[in-house]
Amino acid sequence: MTQKDKPAIQIGSVESDPAVSIEVTKNGPYRVHGTPPLHVSVITQNSEGQSWSYQEGQAFALKDGDMLCRCGHSKNKPYCDGSHLKAGVDLTETASFAPLLEGATEIDGPTISLTDNETYCAFARFCDNGQRFWNEVQMPGEAHVKLAIYEAHHCPSGRLMVWDNATRKPIETAEPASLSLIEDPGEGVSGPLSLRGGIRVQSASGESYEIRNRQTLCRCGASSNKPFCDGSHASVKFEDGLNK
Ligand code: FES
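Each residue of the sequence shown is one higher than the one before, starting from 1 at the first, in UniProt numbering.
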């Protein structure tokens, strides 16, 4: 890869070991490069019934080159079993290669600020806690700042980011590369493939999307922003059968 071809890295994100990446195949599954850990990740709720944490579930062994379903129709999820060939789901990539922040709005608070690009919302709802994320950011006091940072870092898609007003830099945490299969029992559905740790996602065209700490890829086949999740799994009631 020449310097010119190097994918963009979002400010505050740290690229994973380049041996780990996800390749979107044309009208087919995700091909995994490297052997990142893969496990089920269940969204748990607090006493108010809001998304609060993740509970790790079943782990799946990955070999370099393994294929993960992105059409929602495999009978051997999370792996592809070739069902996409007959399922008739349009898996055409429609997402922009532009940096996520180009389409983000900004809200400033006294200590921290937020950026928000709703196009990438994976409907995990960690932002609904307390006074809701957008209000928490604007409220003075350490408790509100802590909650806002907590919520942003649990937002699996990277839609939400918090920024330190003093440094004008995002408040981000480097994480090891990992994949997880989100389950959302609060909504009664299965969610996207969550990527953490700056994993490069390569389009079927060969071009890479911007590398970000947190990304979510569509697994139900219904997103309007493929390969990224747009929350459509909730409306189509996607169920992968892995959270039994
Ligand atoms: S992408 Fe192959 S079965 Fe879903």
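C-beta: ideal position from N, C-alpha, C; glycine also.
- Pairwise C-beta distances place the segment 152–166 out of contact with the segment 83–95, as fewer than three of them are shorter than 8 Å.
- The three-state secondary structure of T115, taken from DSSP, is strand.
- Counting along the chain, Y150 sits inside no beta strand (DSSP E); it lies in the alpha helix (DSSP H) bounded by residues E142 to H154.
- DSSP places E48 in the coil class of the three-state scheme, outside both helix and strand.
- A direct Cα-to-Cα measurement between D17 and A177 gives close to 8 Å.
- Beta-bridge annotation (DSSP): I9 is paired with I211.
- Taking each of T25, E15, E118 and S21 in turn and checking the Cα distance to T35, the smallest one comes out for S21.
- Just measuring C-alpha positions, the residue of S190, D64 and T111 sitting nearest K77 is S190.
- Inclusion of A8 and E210 in the CB contact set at 8 Å is warranted, their separation being smaller than that value.
- The Cβ-Cβ distance between D230 and T111 does not fall below 8 Å.
- Assigned with DSSP and collapsed to three states, D128 falls in helix.
- In this structure E172 is buried. Its beta-carbon is surrounded by 16 or more other beta-carbon atoms within 10 angstroms.
- A direct Cα-Cα distance of roughly 14 Å separates I182 from F228.
- For V162, the enclosing beta strand (DSSP E) stretches over residues L160 to D164.
- Between E23 and the set T216, D240 and Q202, the nearest pair of CA atoms involves Q202.
- The residue among Q10, C71 and E187 with its C-alpha nearest the C-alpha of G221 is C71.
- With at least 16 other beta carbons inside 10 angstroms of its own, N129 counts as buried.
- G57 sits in a strand when the DSSP states are folded into three classes.
- Pairing I149 with L85, the inter-Cα distance amounts to about 42 Å.
- For V20, no beta strand (DSSP E) run applies, since DSSP gives it neither H nor E.
- In the three-state reduction of the DSSP assignment, E175 falls in the coil class.
- Taking C-beta separations shorter than 8 Å and ignoring five residues to either side along the sequence, the partners of G65 in its chain run R31, V32 and H33, following chain order.
- Exclusion of the five residues before and after D116 leaves A104, T105, R159 and L160 as the residues of its chain whose Cβ lies within less than 7 Å of its Cβ.
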